[in-house]
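Heads up: the structure comes next, in structure tokens.
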Amino acid sequence: RQIEGSYRATTHQIHTNHLLSTNYNLRHLPARSERSSSTMSLTNEADAYFAENPAPPSLATAKKQLDDFISTHVAQNRRVVLITSGGTTVPLERNTVRFLDNFSAGTRGACSAEYFLKAGYAVVFLHRQWSLLPFARHYTHSRNFFLGHMSETADGGIEIEDDYAKTLLPILRAYKKTQKEGTLLMIPFTTVSEYLHLLREAAMSMRPVGANGVFYLAAAVSDFFVPSSEMSEHKIQSGDADSMATPVTGAPRGKTLNLHLSPTPKFLHHLISTWAPTPALVVSFKLETDPGILLAKAKQALRRYGHRLVIGNLLKTRSWEVVFVENGQGGKEEDERWKEDWIRLEGGEKGKGEIEALIIPEVVRRHEGMMKEVAGSNGNG
Ligand code: 9Z3
Numbered sequence: 019r020q021i022e023g024s025y026r027a028t029t030h031q032i033h034t035n036h037l038l039s040t041n042y043n044l045r046h047l048p049a050r051s052e053r054s055s056s057t058m059s060l061t062n063e064a065d066a067y068f069a070e071n072p073a074p075p076s077l078a079t080a081k082k083q084l085d086d087f088i089s090t091h092v093a094q095n096r097r098v099v100l101i102t103s104g105g106t107t108v109p110l111e112r113n114t115v116r117f118l119d120n121f122s123a124g125t126r127g128a129c130s131a132e133y134f135l136k137a138g139y140a141v142v143f144l145h146r147q148w149s150l151l152p153f154a155r156h157y158t159h160s161r162n163f164f165l166g167h168m169s170e171t172a173d174g175g176i177e178i179e180d181d182y183a184k185t186l187l188p189i190l191r192a193y194k195k196t197q198k199e200g201t202l203l204m205i206p207f208t209t210v211s212e213y214l215h216l217l218r219e220a221a222m223s224m225r226p227v228g229a230n231g232v233f234y235l236a237a238a239v240s241d242f243f244v245p246s247s248e249m250s251e252h253k254i255q256s257g258d259a260d261s262m263a264t265p266v267t268g269a270p271r272g273k274t275l276n277l278h279l280s281p282t283p284k285f286l287h288h289l290i291s292t293w294a295p296t297p298a299l300v301v302s303f304k305l306e307t308d309p310g311i312l313l314a315k316a317k318q319a320l321r322r323y324g325h326r327l328v329i330g331n332l333l334k335t336r337s338w339e340v341v342f343v344e345n346g347q348g349g350k351e352e353d354e355r356w357k358e359d360w361i362r363l364e365g366g367e368k369g370k371g372e373i374e375a376l377i378i379p380e381v382v383r384r385h386e387g388m389m390k391e392v393a394g395s396n397g398n399g
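In full-length UniProt numbering, the protein residues as written are 19 to 399.
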């Protein structure tokens with residue numbers, strides 16, 4: 019089917035050759051009047067998205083955990099950071115056999131969580147299920163497999179090599195401290211719609227934290243998705259090609275799968291303007307593969323959403339260099355003053371340590387600056 023008007027302009031088409039078997043049109047477009055983004059306000063667009071696309075079954079439990087966790091830390095006047103981490107999936111079928119995914123392992127998020135905890139923040143860790151977790155990441159996904167450093171003692175106990183125990187000890191201590199203080203809440207998601215439902219709840223729960231809050235949005239969120247109403251109920255069949263095949267593309271019958279993906283709502287806009295319009299520091303990440311457009315895209319995000327800080331990174335160099343792009347002054351475009359600060363791990367790719375050990379103190383420094391501004395403008399500073 020043809021896609022009309024403004025909706026067409028933002029719809030993306032992918033030809034997946036490796037799924038080889040079928041020429042399957044997943045889209046059953048509603049009338050234009052129901053969908054036209056030019057007539058629909060962004061809020062309506064978001065409401066429609068949440069009404070149509072499934073929440074995780076755990077949403078109510080997660081909401082309760084979030085409210086309890088946040089009110090406990092607000093009562094203690096502790097700073098709270100909401101970290102998003104890992105990639106979202108885009109299911110192709112409601113009974114999902116196939117889905118689109120992305121590269122993110124959750125390294126940035128899991129590692130950052132540890133440094134925020136070290137800096138005294140309580141951490142809500144909204145993460146892709148089975149991606150890297152704070153503390154566990156040191157042994158779950160390591161090639162240096164932990165069992166290789168252990169042996170059985172004569173009396174049936176376990177002995178850990180001295181050197182390995184030395185590297186494990188600080189991690190164990192930090193983990194135990196976190197457990198004792200109850201400063202880490204982990205909430206998993208898988209699909210992009212689960213992510214957005216949970217992010218909305220988490221953002222609304224963060225409101226009472228006010229200027230003590232940080233949003234650190236490191237998850238790799240899919241820009242496109244298949245709306246629930248347009249999804250196949252069951253596994254896409256290669257046999258469907260016979261009835262669905264179109265000669266228009268010239269592709270051989272039964273050899274092509276055509277997917278029509280819709281744009282994901284601009285969640286950052288909703289987060290800042292509706293879900294959590296608090297003085298919290300919002301830090302979003304911008305990932306690019308082309309170094310020539312990274313800064314321009316980071317600035318575009320700041321202009322578009324009006325938040326303070328974007329951390330830009332490139333796919334290939336993300337573990338040893340990032341750029342902080344800050345909109346130092348609000349106001350009209352011509353008045354904007356961009357601050358760009360590169361943070362690099364000494365020794366680059368072969369450098370020792372983790373770049374998050376440099377990123378988090380810098381975010382904390384800027385958060386403290388912002389908290390002072392907020393206190394000043396409230397007449398408390
Ligand atoms: C990032 O840029 C993260 O730093 C990475 C971390 C995903 C690169 P890993 O998990 O990778 O350590 O392997 N996250 C944001 C990616 C993203 O989707 N950003 C959107 C965009 O670039 C805006 S929210 O348009």
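Positions of the beta carbon are idealized from the N, C-alpha and C atoms, including for glycine. Note that the structure is a prediction, hence the values are computed from the model and not measured.
List the residues that DSSP assigns as beta-bridge partners of residue i.
i    : result
L305 : N331
A140 : V98
R146 : F207
T107 : T209
D359 : F342
I178 : M168
L299 : V232
L202 : V141
Are there any heavy atoms of the ligand 9Z3 lying less than 8 Å away from the beta-carbon of residue i, as far as the coordinates show?
i    : result
T125 : yes
L235 : yes
D308 : no
R155 : no
R362 : no
A238 : yes
F143 : no
S302 : yes
E105 : Rather than Glu, the amino acid found at residue 105 in this sequence is Gly. Because some heavy atom of the ligand 9Z3 lies under 8 Å away, the Cβ of G105 counts as near it: yes.
A80  : no
P122 : Just to set this straight, residue 122 is Ser in the shown sequence, not Pro. Yes, the ligand 9Z3 has a heavy atom inside 8 Å of this Cβ.
K368 : no
D65  : no
A140 : no
S280 : no
A319 : yes
L187 : no
K315 : yes
R336 : yes
L151 : no
I101 : no
D119 : no
Between the C-alpha atoms of residue i and residue j, what's the straight-line distance to the nearest angstrom?
i    : j    : result
H215 : F153 : 26 Å
L60  : L100 : 24 Å
Y42  : T106 : Low per-residue confidence applies at Y42: pLDDT is 30, beneath 50, and the placement is therefore not dependable enough to give any value.
R322 : T292 : 15 Å
E372 : E364 : 10 Å
L275 : L235 : 33 Å
E132 : K195 : 11 Å
F342 : D241 : 22 Å
E358 : T282 : 28 Å
R146 : F243 : 17 Å
V115 : D173 : 48 Å
S250 : E111 : 5 Å
G138 : A237 : 22 Å
S56  : S280 : Only weak support is given to the placement of S56: the predicted model assigns it a pLDDT of 38, under 50, and the question is left unresolved by the model.
G324 : Y182 : 47 Å
Y67  : E212 : 12 Å
A78  : I178 : 42 Å
Q318 : V328 : 10 Å
H46  : A64  : Summary for H46: the model assigns pLDDT 30, below 50, so the residue's position carries little reliability; its value from the coordinates is reported in the next sentence. If I take the Cα positions, the gap works out to 20 Å.
A27  : L299 : The pLDDT assigned to A27 is 27, lower than 50, so where the model puts this residue is not dependable, and the model offers no usable value.
E380 : D85  : 28 Å
I176 : K184 : 16 Å
P309 : L332 : 7 Å
G231 : R97  : 6 Å
Looking at the structure shown, is residue i part of a helix, part of a strand, or coil, going by DSSP?
i    : result
F117 : strand
V340 : strand
A238 : strand
M249 : coil
C129 : helix
V232 : strand
L151 : coil
F163 : coil
V244 : coil
R19  : Here R19 scores only 26 on pLDDT, less than 50, and its place in the model should not be relied on; the value that follows carries that caveat. In this structure, R19 counts as coil in the three-state DSSP scheme.
M388 : helix
I378 : helix
S51  : Residue placement at S51 is flagged as unreliable, the pLDDT there being 38, under the threshold of 50; the coordinate-derived value follows with that caveat. DSSP places S51 in helix when its eight states are reduced to three.
R112 : coil
E63  : helix
K284 : coil
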